[in-house]
Every structure is written in C-alpha cells, then in structure tokens.
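For the sequence shown, position 181 matches number 963 in my numbering, and the numbering has no gaps at all.
Backbone N, C-alpha and C fix where the C-beta goes; we use that ideal spot for every residue, glycine too.
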Amino acid sequence: MSVILFTNGRFVNKCRRAWTSCFALIAICLPVLPAVADDAGPDANGITAPSIASSLPNHGDPFGARKELAGYGITAVFNYTNDGLANVDGGIKRGMIDQGLLETRLTIDLEKAIGWHGASIFANTFQIHNTGQILRDYVGGINTIAAIEALSTTRLSELWLEQTFDKGKGSVRIGQLAADEEFFFSDLSTMFLQSDWATIVAEDLPSGGAAYPLSTPGVRIKYAPDSKTTYLLAVLNGDPAGPGPGDPQNRDRYGLNFRVTDPAFVIAELQLRSDPSDKGLSHTYKFGAWGHFGSFNDQRFANDGTLLANPAGSGEAERHRGDGGIYAVIDQQIYRPSHGPKDSGIGVYTRISGSPSDRNLIDFYVDGGVVVSGMVPHRPDDKFGVGFIYSKYSDGRADFDRDLGAFTGTSVPVQDFEANVELSYVYQIVPGWTLQPDLQYVWHPSGDPELHAIVVGARTALHY
C-alpha cells in the first residue's frame, strides 16, 4: 500500500484536492447535530454518557421528566448522525449527498417498573433521510462508505424482551433482533464511517442478513461465566425482508414484516478479553461461525450441468443446500500512556472471514485499522486513525465472468476484489457531540479492475 500512497503522484494530488473538498463540506455539516455509541448505562438522571445533556442547563431536562422516568426504570436515548459526502473522482458519477439518521432508543427496566427481577424491554427506531446514496448512486461498489446509508423511511429496528439468569451472568433475548448489534463486531472500528456489518455476510445472506437497517425475529442467548469470557448464540429468521424482486429495504419498508417461516440463520461466537482490572494492554478476541439452512444459487453452473453463461443451457442456477462461514475479530491495544485512561493510546483491529466460493459472491473478507485515542495535546477525547476493507469476489463469480466473455466473444471485466482505505479524525466539541472529517479511496468498485473512486466529507454526531 505504501507504494500506491507515496510513489503515485497522481494519487497524491487527487488526495490533496480531496482534502480541500472535505474541509469545505465541514461547513455544511456544522449546523447539524448527530450520533455516538453508548459507552455506559444510564445514571440517576437517566443520562447515558457521553451525552450532550451534560453540557446543557439542568442536564437538558428542565422539567425533570427524564430523571423522574429513570426512577421507574424508563430511559430514552436519542442519537442523530449526519454525513455530508462527495464522490470527487471516479465511480459511477461525481456528486454530493447529505444523509441523516435519527435513532430513538427506549429501555424499560422491568424490575424497577413492575418488580420483574432481571427482565427488561428494549426498542429502537430509525428515521432515515437523504438526498441520495453515496455507495449505490455515486461509487457503485459493495463495501460500506458510510454505515448509515439506507433508503429514506421511518422504521422499527429491534424490539425484544430480555431475561437474565445465574445472578446476571447469562441472559436470553427474544423478539426482533439485529445480529450486527452483538456479532462479528469490533469495538475499535466504530470510529470509522465504514464500520458496518461485514461485506461478506451482507452480500452472501438473503436480504443482507439481520443487520442495519433490517432486523428479524429470533432468540439470542448470552453467557459470561467470568469477566474475561463470553459465549453468544442466536437463531434468527433467515430472510428479514422475505423473497421477492427489488431492494429488500423496500420489501420491509417499515421494519414490520416479522417473518418467522424462512429457513433459519444461526450464528455463534466466543469472546475472550483481558481482565477489566488489568493495568496492562487490553485486548478482545472473538471467534465465530454462522450457518444458513436455505438454498443458494451456484455462481457458475446451471441446474442442467451446463455453464450459466452458456446460451444453450437452462440459464437457471444449480441450487446448493445451506451456506456458512467462519470469522475472527481482534481488538488489541499496543500502546497505553503510563498515566492515561484505560482506553487511551494506540489500538489495532482486524476482522477476517471466509465462505464457500461456489455459492457466494464474496468468499474472503478482511478489514482492519489503527486507532490513536487521547494522544493529541490538550485534546484528550479526540481520536484519529486509518482503516481498510478488502472483499474478494469468489472464484465461482470470476469464472462466470470469464465464461461470459468466452461465449459472447466480448471483453468482460473479471471481478476480482474491492478495497477501501479510510482516513478520519474525530474532534469532540463537547461530550456527546463530535465532528469528523473523512477521506476514502476505493479500488475496483464492484470488482471492476478499471474503476476507482475518491470520497470526501464530514460527519457530525449528537448523543442525548
């Protein structure tokens, strides 16, 4: 990568122009106040830190309603995220979009509310709005550019009941769930716009799987026998939107399909982490596997034994029973200042996954990055980093492209891979409000070796 970044003068010049455009876009985003992830549970005032409420008079609760409801176990969190992004070079076309996501999260502690020990209810909704979709309309790729991208709508996401057991070591959730909330997830990656449900599962599973913005009914079991080990298992409906033509987000426009009859999706994960009380370098290692009990099309062969690209064949793909994959996630702190907070310093992360090449569009995936936190002088809450994504098109898909070229006698691009690199800086204005300039370069959007794209922009996020 260093050869590309530092010896290709054309690339460097484009990046300089891109950064200029990026900072121009900050002015667009500044008036909009958008979202950060919850770092801790609610306090006595019903506030989950970091929150902009801590910077407002009366904690942003002038009538005391939030504090009063918290006493009954009812807490609400509001997150707003807004991106101003522009594709300034390459891709399908150049242009700029604005996109926003308002998320409302409601939690009810049933022990406080009605005396039901160890039980809680959770629900969240999304209000999604935009002037276009940067990945779909401008870049034309498959790897995430900004994770909040979705069709404009208001939809239900999760709605579940949770019951703890064994003195809080374990819990069972039942209801409408999103797998990307807990599985195949890197904590360090969340600072990046491209942090999302991995491309390999988003492209290989029906409807993209139970991940933003879709969710589906299911059951999740979690057990943590000690502070260093956690076991996770979920069984979910295997097609959140259900079969049919068009975009799955249109088939489940409001998150109310509640499908339960599709072949199941099962995912399991083992999490190993350093002791929270350990003063050394922290780490989290995750190992997982998933399986789907549905039927999947072969990428190259037809059901009559011919090649799919052969015009004399049936043209209908051979069907395979079931699909699956394995994955691993590593979050590793590699440097921590001697007197700094536990989460300060330098951390690295990676996610890696593989799936069968005969029935999947993507058969190998890896992402990763470096995150530097709390090391900017006089800016203890800022962070910056570089992240990357690499998605390899399966051998079956590449062979289909070659077959198509042979049968048509034309030059057909052979899909090989799509790769992204992202540079980003998170600037905290006040706790719960951040501004984030961002630059991304994309190689081979949709696997086309002749294409590239440069995306610049800024995100602003508000947590209340």
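The beta carbon of L1063 sits closer than 7 Å to those of Q1115, I1116 and R1118, all from its chain and outside the five residues before and after it, given in chain order.
For L1217, the secondary structure class from DSSP, reduced to helix, strand or coil, is strand. Ranked by Cα distance from R1241, the options Q1210, A858, D1145 and S1096 are led by Q1210. Pairwise C-beta distances place the segment 897–910 in contact with the segment 935–953, as three or more of them are shorter than 8 Å. Contact between the segment 1021–1038 and the segment 971–982 is absent: fewer than 3 CB-CB pairs across the two stretches fall below 8 Å. DSSP, read as helix, strand or coil, puts N864 in strand. Here DSSP, grouped into helix, strand and coil, assigns E1204 to strand. Between A929 and I910, the beta carbon gap of about 12 Å keeps them out of contact (Cβ cut-off 8 Å).
The secondary-structure analysis by DSSP pairs S1137 with nothing; it has no beta-bridge partner. Proximity to A1071 across H1102, F965, V1158 and D1125 peaks at F965, based on C-alpha coordinates. For the options I856, D1057, P844 and Q1031, the alpha carbon positioned closest to that of A826 is the one of I856.
Here I956 is bridged, per DSSP, to L943 and V1001. Taking 7 Å as the cut-off, the beta carbon of Q1218 is found no closer than this to the beta carbon of V1203.
Taking the C-beta atoms as reference points, G1178 is found no nearer than 7 Å to S1135. DSSP places F966 in the coil class of the three-state scheme, outside both helix and strand. Here K1004 is buried: its Cβ has 16 or more other Cβ atoms, across all protein chains shown, within 10 Å. By the Cβ-count criterion, F845 is exposed, with fewer than 16 other Cβ atoms from all chains shown falling within 10 Å of its own Cβ. Annotation for F1047: the continuous beta strand (DSSP E) segment containing it runs A1046 to R1055.
Going by C-alpha positions, A847 is about 15 Å away from F860. Using a C-beta cut-off of 8 Å, the segment 919–928 makes no contact with the segment 886–897, since fewer than three inter-stretch Cβ pairs fall below that distance. The beta carbon of Y1172 is closer than 6 Å to those of V1148 and A1201 in its chain, skipping five residues each way along the sequence. For V983, the enclosing alpha helix (DSSP H) starts and ends at T981 to D986. Per DSSP, the unbroken beta strand (DSSP E) holding R1241 starts and ends at H1234 to H1245.
Annotation for D1034: no beta strand (DSSP E) segment contains it, and DSSP assigns it neither H nor E. In this structure V1042 is in contact with P999, their Cβ atoms being roughly 5 Å apart against a cut-off of 8 Å. Assigned with DSSP and collapsed to three states, K875 falls in coil, not helix or strand. Per DSSP, reduced to three states, the secondary structure at N1079 is strand. D1183 and P1027 have their C-alpha atoms some 23 Å from each other. The segment 1100–1113 makes contact with the segment 1067–1082: 3 or more CB pairs, one atom from each, lie closer than 8 Å. Around V1158, the same chain offers D1164 as residues with beta carbons nearer than 6 Å, after the five sequence neighbours per side are excluded. Taking 7 Å as the cut-off, the beta carbon of I834 is found no closer than this to the beta carbon of L1221.
Apart from sequence neighbours up to five positions away, the residues of its chain that approach N1092 with a beta-carbon distance below 8 Å are A1084, D1185 and F1189, ordered along the chain. Looking from the CA of D871, the closest CA among L1205, P1195 and H1234 belongs to H1234. Looking at the DSSP output, I1128 shares a beta bridge with Y1117 and V1154. From the listed residues L1052, P839 and D1181, the smallest Cα separation to D1198 is found for D1181. In terms of Cβ geometry, R1055 and R1002 do not form a close pair [threshold 7 Å].
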